[in-house]
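Undergrad: This structure is in structure tokens; I'll ask about it shortly.
Residue numbers (the numbering used here): 15 to 61.
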């Protein structure tokens, strides 16, 4: 955002690729459903 004259002081990750973090608190963990893992593996295999 520097090209707009804005300074970034903090970034907050809301997703990792297709996996959205939703209201997951920092240092919490949640299980990724098998269907999401399978879909992610397919997309990685395609390149």
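In this text, a Cβ means the ideal position worked out from N, Cα and C, and glycines have one as well.
Beta-carbon separation of residue 35 and residue 29 under 8 Å?
TA: Yes, the pair counts as a contact, with Cβ atoms nearer than the cut-off.
Undergrad: List the endpoints of the continuous alpha helix (DSSP H) containing residue 48.
TA: Here the alpha helix (DSSP H) through residue 48 covers 48-60.
Undergrad: Given a cut-off of 8 Å, decide if residue 50 and residue 33 are closer than it, judged by their beta-carbon atoms.
TA: Yes.
Undergrad: Where does residue 16 fall in DSSP's three states?
TA: DSSP places residue 16 in helix when its eight states are reduced to three.
Undergrad: Just grab the DSSP bridge partners of residue 33 for me.
TA: According to DSSP, residue 33 bridges with 30.
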